[in-house]
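For what it's worth, the numbering used here labels the leading residue of the sequence shown as 3, then goes sequentially. As structure tokens, the structure follows; a few thoughts come after it.
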Amino acid sequence: MGAITGRARRELVKAVGERYRTGTYTEKRRILDEFVAVTGWHRKHAIRVLNEESCQRERARKARPRVYDEAVRQALLVLWEASDRLCAKRLRPLLPTLVVALEKHGHLQLAEDVRARVLAVSAATIDRLLAEPRATARGRRKQKRATPAVRTGIPIRTRADWTDPKPGCMEADLVAHCGGSVEGSFVNTLVLTDVASTWTECVPIVVRESALIIEALERLRETMPFALLALDTDNGSEFINEALLAFCRKYNIELTRSRPYRKNDQAWVEQKNGSIVRRLVGYGRLEGLVAARTLGRLYAASRLFVNLFQPSFKLAEKSRVGARIIKRYHPPATPGARLVASEWIDGATKERVKAAQAALDPLRLLDEIRAAQHELAALAEGTRIHVAPTSNAELEGFLCGLGTAWRAGEVRPTHAKKKRPPRHWRTRTDPFEHVWPMIQTWLEADPERTAKELLRRLQSEKPGEFPEGLLRTLQRRTHEWRVSAARTLVFGPNGGQTRAAGQQVDAIAAGLAAAIEMRHAGSKLC
Numbered sequence: 003m004g005a006i007t008g009r010a011r012r013e014l015v016k017a018v019g020e021r022y023r024t025g026t027y028t029e030k031r032r033i034l035d036e037f038v039a040v041t042g043w044h045r046k047h048a049i050r051v052l053n054e055e056s057c058q059r060e061r062a063r064k065a066r067p068r069v070y071d072e073a074v075r076q077a078l079l080v081l082w083e084a085s086d087r088l089c090a091k092r093l094r095p096l097l098p099t100l101v102v103a104l105e106k107h108g109h110l111q112l113a114e115d116v117r118a119r120v121l122a123v124s125a126a127t128i129d130r131l132l133a134e135p136r137a138t139a140r141g142r143r144k145q146k147r148a149t150p151a152v153r154t155g156i157p158i159r160t161r162a163d164w165t166d167p168k169p170g171c172m173e174a175d176l177v178a179h180c181g182g183s184v185e186g187s188f189v190n191t192l193v194l195t196d197v198a199s200t201w202t203e204c205v206p207i208v209v210r211e212s213a214l215i216i217e218a219l220e221r222l223r224e225t226m227p228f229a230l231l232a233l234d235t236d237n238g239s240e241f242i243n244e245a246l247l248a249f250c251r252k253y254n255i256e257l258t259r260s261r262p263y264r265k266n267d268q269a270w271v272e273q274k275n276g277s278i279v280r281r282l283v284g285y286g287r288l289e290g291l292v293a294a295r296t297l298g299r300l301y302a303a304s305r306l307f308v309n310l311f312q313p314s315f316k317l318a319e320k321s322r323v324g325a326r327i328i329k330r331y332h333p334p335a336t337p338g339a340r341l342v343a344s345e346w347i348d349g350a351t352k353e354r355v356k357a358a359q360a361a362l363d364p365l366r367l368l369d370e371i372r373a374a375q376h377e378l379a380a381l382a383e384g385t386r387i388h389v390a391p392t393s394n395a396e397l398e399g400f401l402c403g404l405g406t407a408w409r410a411g412e413v414r415p416t417h418a419k420k421k422r423p424p425r426h427w428r429t430r431t432d433p434f435e436h437v438w439p440m441i442q443t444w445l446e447a448d449p450e451r452t453a454k455e456l457l458r459r460l461q462s463e464k465p466g467e468f469p470e471g472l473l474r475t476l477q478r479r480t481h482e483w484r485v486s487a488a489r490t491l492v493f494g495p496n497g498g499q500t501r502a503a504g505q506q507v508d509a510i511a512a513g514l515a516a517a518i519e520m521r522h523a524g525s526k527l528c
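Here is the structure:
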């Protein structure tokens, strides 16, 4: 039996204490055996408690007068504020100096006994007396949150506690499709992973609600190829509640939980959160019934594809040699193959798994996954599309494209990056637009003029209009003009060559333009 709370112990003492004190030797011995078994106390301590010895000492302890009363607390509060709210460890050595300074200037008047107690107080006592004012000053009140009784009644299971479990011992977790923001409501995915076979089930949950999780578990119990024997969850309120505890008791399912903030306790399901759910769905935000329905179609196809056609590694052992961790894995196998090889699965279930694997077309399942991913990607972007059922002609096109799909890069619509519009270097109005015909005339008359010479001429003809900072912009414009002039010189005014030849001439023209600029820059330096 698990540990009980202090309140329950006190109630138990009141319930059996009188019967223990008035009972015979045999009755006292029987009551003491049961009391020690329930509370976990030492036998001698239990005898003292039942005889009210410790209760009398506790009452005597409670009757002891307080040393640091409200007067000391108020004085410490004034001193704390006067020190600009120092922490207790820094305030304690300052108290003798600060008390004298405040009394000298008439800001503080303490009675002799209060003054003596203030100067004798410890840092820990200052923290205890000023706990509430400090919490209020920070903008929040310190509240003691009681541990729910249902949580204390659920035992903790770590990763090391799974010692060769049977199929049906599963870890459960929720994956949030919130898109990076937890505001509002969004769809979640309930993920269950069998520790023995790595068989994984995914169910979309419209909102984070315990009733929907229980409904999903009811449905999974009917569709999984093995019975649900054990369920290990995290400490979220959607799992740790009376409703799920009653559900597990009803079907004789062992319910355990991981340690708070220790994700390694659920290593099996945490690994599938990334390799299955995030790989299929991505990280976009999904909201509403439409997204949940589309996720359901995706998981209906991926459930068979992943569990019957996707081999995975399973850790066999892990050892540490100094700072090095050595891991050894079983040969890769599909979860379905592990179920077929398990001695805990009956023959009829094994035959159903084999028949399902033989009848399914993995490429058709993959095509259905891609179609659902297209719709999910559109929903994550805020649009909605309807994907019609795949026809045989479309499936043939999908199959024909598998050999060349690698050339397109990422093929999963939920992970493909959006195409960005072409970016132009010019982000402001061209300052030379109204004088460019004149500059072009100068270039046609003397093509070897540099951009710096052109800028000097513009500054002399239009003073104050073209500052030195526009030199780089004018260099770009003259470079473009020279490239265009070189193309016209080679091809003529109408072009007429192939695209490859045009690209070659562009490169030559750009080189000529750069050579002109470099030559004139070198002559200026000389």
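A virtual CB, placed ideally from N, CA and C, is assigned to each residue, including glycine.
Per DSSP, residue i forms a beta bridge with which residues?
i, result
"valine 177", "Thr191"
"glutamate 203", "Leu194"
"arginine 326", "Val323"
"methionine 172", "Asp196, Leu233"
"isoleucine 158", "Arg259"
"arginine 287", "Cys180"
"leucine 317", "Tyr331"
Consult DSSP for residue i and reduce its assignment to one of helix, strand or coil.
i, result
"alanine 335", "strand"
"lysine 464", "coil"
"aspartate 196", "strand"
"proline 167", "coil"
"glutamate 256", "strand"
"leucine 88", "coil"
"serine 239", "coil"
"glutamate 482", "helix"
"isoleucine 6", "coil"
"methionine 440", "helix"
"cysteine 528", "Only weak support exists for where cysteine 528 lies, its pLDDT of 36 falling under 50; the coordinates are left without a value."
"tryptophan 82", "helix"
"proline 364", "helix"
"arginine 11", "helix"
"valine 69", "coil"
"asparagine 275", "helix"
"glutamine 375", "helix"
"phenylalanine 434", "coil"
"leucine 110", "coil"
"aspartate 348", "coil"
Could you pull out every residue in the same chain whose Cβ sits closer than 7 Å to the Cβ of residue i, ignoring the five residues on either side in sequence?
i, result
"alanine 17", "none"
"lysine 168", "Ala198, Leu231, Trp346"
"alanine 10", "none"
"glutamate 13", "none"
"glutamate 203", "Leu194, Leu222, Met226, Arg305"
"alanine 453", "Leu473, Leu476, Gln477, Thr480"
"proline 98", "Leu121"
"isoleucine 33", "Val18, Arg21, Tyr22, Gly25"
Residues in its own chain within less than 6 Å of residue i by CB, not counting five upstream and five downstream?
i, result
"proline 530", "In this structure the chain extends from 3 to 528, so residue 530 is not present and cannot be described."
"threonine 258", "Pro157, Arg159, Asp234"
"phenylalanine 249", "Ile216"
"leucine 52", "Gly19, Tyr22"
"valine 228", "The amino acid occupying residue 228 in the given sequence is phenylalanine; valine does not appear at that position. For phenylalanine 228, where only same-chain residues beyond five positions count, the Cβ hits under 6 Å are Pro169, Gly170."
"glutamate 256", "Ala232"
Report back the beta-carbon spacing between residue i and residue j to the nearest angstrom; my notes put them in contact at under 8 Å.
i, j, result
"leucine 473", "leucine 457", "6 Å"
"leucine 230", "glycine 170", "6 Å"
"valine 152", "glutamate 244", "6 Å"
"valine 120", "valine 74", "6 Å"
"leucine 176", "arginine 210", "7 Å"
"proline 337", "threonine 225", "Not confirmed; about 14 Å, so no contact."
"leucine 297", "proline 206", "4 Å"
"valine 323", "valine 342", "The Cβ separation is near 35 Å, so there is no contact."
"leucine 93", "serine 85", "6 Å"
"threonine 191", "histidine 179", "7 Å"
"valine 208", "valine 271", "Incorrect: roughly 21 Å between the Cβ atoms, too far for contact."
"leucine 310", "alanine 358", "7 Å"
"threonine 41", "isoleucine 6", "7 Å"
"phenylalanine 307", "proline 364", "6 Å"
"arginine 372", "asparagine 266", "At roughly 34 Å, the Cβ-Cβ gap does not stay under 8 Å, so arginine 372 and asparagine 266 are not in contact."
Identify, in the order they occur along the chain, each residue of the same chain with its Cβ nearer than 8 Å to the Cβ of residue i, setting aside the five sequence neighbours on each side.
i, result
"valine 116", "Ala73, Val74, Ala77"
"leucine 88", "Trp82, Leu96"
"alanine 382", "Gly181, Gly284, Gly286, Arg287, Leu288, Thr416"
Taking 8 Å as the threshold (beta carbon to beta carbon), is residue i in contact with chain C?
i, result
"histidine 417", "Given the protein chain composition of this structure (a single chain), no chain C is represented."
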